[in-house]
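Remarks on the structure that follows.
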Amino acid sequence: MEEEDDDVSADPYLPYDGGGDTIPLQTFPNRGSNYVMSNGGGVASSSTHLLDFLEEPIPGVGTYDDFHTIDWVREKCKDRERHRKINSKKKDSAWELSRSLYDAWSGWLVVTLTGLASGALAGLIDIAADWLNDLKEGVCLSAMWFNHEQCCWTSNETTFAERDKCPQWKSWAELILGQAEGPGSYIMNYFMYIYWALSFAFLAVCLVKVFAPYACGSGIPEIKTILSGFIIRGYLGKWTLLIKTITLVLAVASGLSLGKEGPLVHVACCCGNIFSYLFPNLEEVSYYFPLKTLWRSFFAALVAAFVLRSINPFGNSRLVLFYVEYHTPWYLFELLPFILLGVFGGLWGAFFIRANIAWCRRRKSTRFGKYPVLEVILVAAITAVVAFPNPYTRQNTSELIKELFTDCGPLESSQLCQYRSQMNGSKAFNETPNRPAGAGVYTAMWQLGLALVPSGLFIPSMAIGAIAGRIVGIAMEQLAYYYHDWFLFKEWCEVGADCITPGLYAMVGAAACLGGVTRMTVSLVVIVFELTGGLEYIVPLMAAVMTSKWVGDAFGREGIYESHIRLNGYPFLDAKEEFTHTTLAREVMRPRPSDPPLAVLTQDDLSVAELQAVISETSYNGFPVVVSKESQRLVGFALRRDITIAVENARRKQEGIVLTSRVYFTQHAPTLPADSPRPLKLRSILDMSPFTVTDHTPMEIVVDIFRKMGLRQCLVTHNGTLLGIITKKNILEHLEELKRHPELPVISHAPSSFTRLSLRLRPPRRLA
Amino acid sequence: MKSVMTLEVVSLVGFVLLTFAGAKNSEDIRCKCICPPYRDIEGQIYKQNVSLKDCNCLHVVEPMPVDGKDVEAYCLRCECKYEERSSGTIKFTIIMYLSILGLLLLYMVYLTLLEPMLKRRLFGHSQLIQNDEDVVGDQQPFANAHNVLSRSHSRPNVLNKVEHAQQRWRRQVQEQRKSVFDRHVVLS
């Protein structure tokens, strides 16, 4: 664009016939499983559009390497180009019209299928996890595939004491020893419980390790990063999906204190990704989330909810396990304990994030991390040993939360409610609340260790909060009972009536803890509200979540997911952070004053050998192309991967390309001596419209541009000549640096964690 | 690759349809009434196989523990809930889950134990060493391009293709394992 001084119409018969015969892109199934590409090598051709029919796109050009960042601007250009092409052809024939319709609908179709699959998988996981969880205690003899509840579906044990005992359901002790009572059977059950828990955990770890290592962990930090445009190959693949689904069930059933909600996000993402394969020219979801995408996700959620409802995994015709059914009012003075719960949630969240990150860092840095299988087995063993004697920890964590949330009515036979019947008598308040408290402490401790198996922290955090809330609620209730003459209670509570709902406190506590850990506010209130269906408790929830966020932010601004992203050094530019410093683009760009000059390519006087040397000796992912070394005027930008692929392709397919061949990026071949070998044209891989800023642009603006447009790199010019380059990773480093030394305007050269990913140094090696 | 996807979609749709069609067994509905203690009668739980319109205390609680005039008072305190499940879905899910798990386990055992043994017996040591060199070769800057291009024009028979796909998959897993367990770049 800048240097278009040569005539376009001069010579259409150019020596380059890029790709050989027809090479459909579909034959490259491995081109990055988390990334859907439309057509190869397209963008650069906006000005060379006339020549498109001559230059077949080179296969592989325009794709990305593992652990690289997506250039959203380039992709958007490509997508628009494709749309334009389809739209312009629309009127030609019925076939083209149907193709354009298909193109328009493919997005919705993918979304529908994703919704179907996610809903079905969620139901499947719920059913299987319930069953496997109950398998630890016993088995249904009449129908092996039923869990405890389903097994006793129509049994006629009518008294409360025997409600859990039905002849079809046999505990392991009954099956093996033939007796259901006594110390022998208790030990047998204990043993079988530990045995099953251990074997589930072991199976999960082995499967993850052998088939899909990416299936470990919660996956949310990675999903966040991938959505912001970062390639992790295979992270959303078929195997990851399969293994994650299978092992998630195992992990939940093994009794480790983890939930399935977080990993389900990963599962659903895998689904969407796999379906998007069916429609190879689907447009991508960019991370600034256009409204269209929002609509589609809404639709997907609708479909998923519909499927889940029809599967009916919990047997209560509700989508969620813990549905709140009480509607007792709350009183104004109760806001105080709610806010206290919020404070607790914030403190706990801050503590949890600190501890979790410290633990993960230790695992990364010391030899401790070398034995992940052992770690999981150990944690599972200790969990099982500790969990069995306490009935609250023995059951599923979700079940525990459900029990904590429900109000004590006359229908509840739960242990939690037993103090109530005694309350009318003399001594109330037996030790019941202490037992869940014990459970909570232990849950919190082992939360830290879960890394290798798919694990989430939604449910455990909620459990902690619910336990704390329930305790506070019970305490309040007792207060109200004993001091009902006190002015506060006197005004609101009538003697004998319940004015405190402990279940509500549990709910608020759960929301507060979840808020403290994830630092979500609005979305969290909506989630809790949807999870429990308690419409009238919005205000308590909001108060508690806000407090917990304030308190948590006092100790550290990041939520658990952001902390993990930072710990792993993913290039994630958080849109929430404000950039308040006054640095200029010149101070951030590479090369630094002390560095060697920027590695550039000239537009028409490099040989193939020189080009390969530049590529082998540096580790940059892209090279600016300039007019000549002297003038340094910018022509465009070429990506390392594209160059390597194009050169390799040309050397295979084109006659006469040798190491001494001239490489040129211009429209026409430079004039060469008569005996020189045939030149190689690389114009098709050149991005002719790279983003540029001048060296005096404030970094505030540069950061904004990167955030809003999803740029990958940006060139810096001075008086129209090329000066340097700023990449997304440079900006992240800069932010990191400013965070550490806010007073220093000039940045030193401390290698931070970002360099580890950005420059995966390859040994400089010449190509033979 | 595409056929596999299609198969997945078909099986999924089948699953969903099966769920809808899952004929409501008469076993799959119940009405559960929980009656709290009343006077000297202990709390009771009653379950009956009745339809939704019959799901109330009068139809479900049998035998009625109180006599005539107290029935109304007793029933007022009972709470009845109508519940449904689809045992077909549960059965299908569990069996499918177990079979997939079993297959995966078998394959895992094969991959980790049997295959190295067979290979060693068949080819001796040289093959293994060569494999290692292949992995090292991947690190070259141009090898990647080589990979991408070579995929385009080898069109072998089905068996070769399967072998190739398996090889590639294994390399991917190797790479993943390296980045998760050794380098610790991804994940915690």
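Sequence lines, in order, name chains A and B.
Just so we're aligned, residue 1 is where the first sequence starts under UniProt numbering, counting upward by one.
Just so we're aligned, residue 1 is where the second sequence starts under UniProt numbering, counting upward by one.
Even for Gly, the Cβ is constructed at its ideal location relative to N, Cα and C.
Since we're looking at a predicted model, the values are computed, not measured.
- Here the stretch 503-522 of chain A lies against the stretch 347-359 of chain A, with 3 or more beta-carbon pairs under 8 Å apart.
- With respect to chain B, the C-beta atom of Trp145 of chain A has a partner C-beta closer than 7 Å.
- The way I'd put it, the stretch 595-605 of chain A doesn't touch the stretch 371-388 of chain A; fewer than three beta-carbon pairs between them come closer than 8 Å.
- Under the 7 Å criterion on CB atoms, Ile246 of chain A is classed as interfacial with respect to chain B.
- Residue burial annotation: His741 of chain A is exposed, with fewer than 16 other C-beta atoms found within 10 angstroms of its C-beta.
- Within the same chain, Cβ atoms closer than 7 Å to the Cβ of Leu738 of chain A are found at His581, the five residues on either side in sequence being excluded.
- For the stretch 201-213 of chain A, residues whose beta-carbon sits nearer than 8 Å to a beta-carbon of chain B comprise Leu203, Cys206, Leu207, Lys209, Val210, Phe211, Ala212 and Pro213.
- Residue contact check for Ile94 of chain B against chain A: a CB pair falls below 7 Å.
- For Lys47 of chain B, the residues of chain A that pass the 8 Å Cβ criterion are Trp153, Thr154, Ser155 and Asn156, in the order they occur in the chain.
- Between the stretch 652-662 of chain A and the stretch 617-624 of chain A there are fewer than three C-beta pairs closer than 8 Å, too few to call the two in contact.
- Taking 7 Å as the CB threshold, Gln166 of chain B stays off the interface with chain A.
- Leu101 of chain B has a beta carbon lying within less than 7 Å of a beta carbon in chain A.
- Using a Cβ-Cβ cut-off of 7 Å, Met108 of chain B counts as an interface residue toward chain A, since at least one Cβ of chain A sits closer than that to its own.
- Taking a cut-off of 8 Å on C-beta distances, the stretch 673-689 of chain A touches the stretch 635-650 of chain A, as three or more cross pairs fall below it.
- When 9 Å is used as the limit between beta carbons, Ile685 of chain A is near no residue of chain B, the shortest such separation being about 12 Å.
- For Leu124 of chain A, the nearest CB of chain B lies under 7 Å from its own CB, placing it at the interface with that chain.
- Beta-bridge annotation (DSSP): Pro65 of chain B is not paired with any residue.
- One Cα belongs to Lys81 of chain B, the other to Cys31 of chain B, and the distance between them is close to 6 Å.
- Using beta-carbon distances, Tyr97 of chain B counts as an interface residue toward chain A, with a partner under 7 Å.
- Cβ atoms of Met507 of chain A and Gly469 of chain A come within 8 Å of each other, at about 7 Å.
- DSSP places Arg30 of chain B within a strand segment (E or B) once states are collapsed to three.
- For Lys47 of chain B, the enclosing beta strand (DSSP E) has its first and last residue at Gln44 to Gln48.
- Nearest Cα to Leu584 of chain A within the set A:Asn189, A:His734 and A:Lys224: A:His734.
- The DSSP-derived three-state label of Gln167 of chain B is helix.
- The distance from the Cβ of Pro571 of chain A to that of Leu732 of chain A is about 6 Å, consistent with a contact at the 8 Å cut-off.
- Short of 8 Å from the beta carbon of Arg296 of chain A, and not among the five residues preceding or following it, lie these beta carbons of its own chain, in chain order: Gly107, Trp108 and Val111.
- If you check the CB distance, Ile41 of chain B and Pro65 of chain B come in under 7 Å.
- Under the Cβ criterion of 7 Å, Trp169 of chain A is not counted among the residues facing chain B.
- Ile274 of chain A and Leu113 of chain A have their C-alpha atoms roughly 10 Å apart.
- In terms of Cβ geometry, Gly636 of chain A and Leu686 of chain A form a close pair [threshold 7 Å].
- Here Gly219 of chain A carries a coil assignment [DSSP, helix/strand/coil].
- In terms of Cα proximity to Ser51 of chain B, the closest of B:Asp67, B:Ile29 and B:Ile45 is B:Ile29.
- Per DSSP, Trp131 of chain A has no beta bridge partner at all.
- Under the three-state reduction of DSSP output, Tyr481 of chain A falls in the helix class.
- Beta-carbon to beta-carbon, Ser254 of chain A and Ala204 of chain A are separated by about 7 Å, close enough to satisfy the 8 Å threshold.
- With contacts defined as CB atoms closer than 7 Å, Gly119 of chain A and Gly710 of chain A fail to qualify as a contacting pair.
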